[in-house]
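Contents: one structure, followed by commentary.
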Amino acid sequence: MNFFMDTLFMNMLILLDFLLIILMIIPNNYYYYHPLLMAMILIFFTIIMSIKLNYLLNSFWYSYILFLVMIGGLMILFMYFTSLINNQLFYLKSKNYLYLIVKFLIFMMIVYFYMKMYNLMYIDNFELINLNKFFKFMELDLFKNMFMDYVFDLTIYTIMYLFFMMICSVIICLKSKIPLRQINKINY
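Structure below.
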């Protein structure tokens, strides 16, 4: 049973790596970049990286913190993008999707046949990948105690600085009663 779980675990990690590669390929297939498309790709990338970190590390807190920080940053970026860009329609052509699906299927078939040819479908043939040795550094106290005394002060100062900057930008916007970037009105 342990062998089956290890094999399933490695196949899941390999599949997540392929999904990350596909997410990096998607923006190259479009001539028109829309911030909403980029935000969706970043959200999917963050979710996949959080899942991978959850599988690979002893504690789920690292993946949870990564997810919250990235989603918070994406929300701020989305707010800036919506105030800076014009109201453009977001459309994707089905022809591009068809090409992307064909490329993805060909890539997956090549990888599958390569793994089948070299008998890489099972974890006992992976001599190099021994997860207990590979992630041995995660057992150090440095990684388990991320918010202990020696970095706790720096973390608190960073949080206070970011909170202060957020309050200052909100006060600037409230006093002038306009957004940070003014949009020129066009008279027809």
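Residue numbering for the sequence shown is 13 to 200, as defined by my numbering.
Cβ atoms here follow ideal geometry from the backbone N, Cα and C, with glycine treated the same way.
Under a 10 Å Cβ-count criterion, residue 58 is classified as buried, with 16 or more other Cβ atoms of the shown protein chains found around its own Cβ. Straight-line spacing of the CA atoms in residue 76 and residue 165 works out to 21 angstroms. Rounded to whole angstroms, the gap between the alpha carbons of residue 74 and residue 82 is 12 angstroms. In the three-state scheme derived from DSSP, where H, G and I count as helix and E and B as strand, residue 72 is classed as coil. Excluding its 5 nearest sequence neighbours in each direction, residue 66 has C-beta neighbours in its own chain below 6 angstroms: 72 and 75, listed in chain order.
Note on residue 181: under 16 other CB atoms within 10 angstroms of its CB, so exposed under the neighbour-count rule.
Of the residues 69, 55 and 31, the one whose Cα lies closest to the Cα of residue 85 is 55. Within the model, the alpha-carbon separation for residue 50 versus residue 177 is close to 26 angstroms. Distance from the CA of residue 115 to the CA of residue 29, rounded to the nearest whole angstrom, comes to 16 angstroms. Between residue 79 and residue 62 the beta-carbon gap is near 4 angstroms, inside 8 angstroms, which marks them as a contact.
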